[in-house]
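A short write-up of the structure that comes next.
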Ligand SMILES: [Fe+2]
Ligand SMILES: [Fe+2]
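See below:
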């Protein structure tokens, strides 16, 4: 039985994956952009952890994995004979970023950024699982290597969600639980307001 790495408060309906697979080229193109942005997020968070080395190293590993995913999604697209489309933006991530504590450089903003990153990873994991289940019968995407890749991505994104949560707990201790509670509601609210499209979010 699949369990997302964080206790997400809105389960993606089964029909979502079939709708997302209506345009597999668009889905993968969007996902390539997401992997690239995930790498950039990990790199940009590093600025908040100067003066230490363990968390910057964790973030460097995380960025490396996301860059590896980015390359491999592009390779999968190349294998299908598909092209990278312009980045259409991600209203899900934008909706979450808009709700961040606004003061640049503030500790509350850093806590929010870590929790939002953890939630995006957890939601990616949940949706990759749905795609994995739905694509097993898909005429183009049903090939075994593709499914193995989705499964690997799903496990990695679960690990990233927990890594961001641990970084938050290490820095912010008891302040994390109530803030996560708030963000779990916000995340469900943002997701519920978005139309389904051929994208992970
Ligand atoms: Fe990734
Ligand atoms: Fe990730």
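In my numbering, the protein residues as written are 214 to 414. By construction, the Cβ of each residue, glycine as well, lies at the ideal position given by its N, Cα and C atoms.
Considering only the beta carbon of each residue, do residue i and residue j sit closer than 7 Å?
i, j, result
"residue 327", "residue 400", "no"
"residue 217", "residue 339", "yes"
"residue 289", "residue 252", "no"
"residue 287", "residue 411", "no"
"residue 325", "residue 334", "no"
"residue 223", "residue 347", "no"
"residue 343", "residue 263", "no"
"residue 337", "residue 370", "yes"
"residue 414", "residue 234", "no"
"residue 396", "residue 232", "no"
"residue 261", "residue 323", "yes"
"residue 345", "residue 362", "no"
"residue 309", "residue 329", "yes"
"residue 407", "residue 305", "yes"
Would you mind sorting residue i into buried or exposed? The rule is 16 or more other CB atoms within 10 Å of its CB.
i, result
"residue 227", "exposed"
"residue 254", "buried"
"residue 403", "buried"
"residue 380", "buried"
"residue 374", "buried"
"residue 271", "buried"
"residue 390", "exposed"
"residue 357", "exposed"
Among the options, whose alpha-carbon lies nearest the alpha-carbon of residue i?
i, options, result
"residue 246", "359, 283, 319", "283"
"residue 278", "223, 249, 324", "249"
"residue 415", "393, 243, 261, 396", "The structure shown does not extend to residue 415, since the chain is modelled only from 214 to 414, so the question has no answer here."
"residue 268", "387, 397, 336, 382", "382"
"residue 341", "368, 308, 353, 317", "368"
"residue 296", "281, 236, 259, 378", "236"
"residue 372", "238, 259, 258, 274", "274"
"residue 317", "257, 394, 407", "257"
"residue 354", "376, 281, 294", "294"
"residue 321", "238, 385, 230, 299", "385"
Item to check | Any alpha helix (DSSP H) of 4 or more consecutive residues that is wholly inside the region 263-349 | outcome: 267-293, 304-311, 320-348
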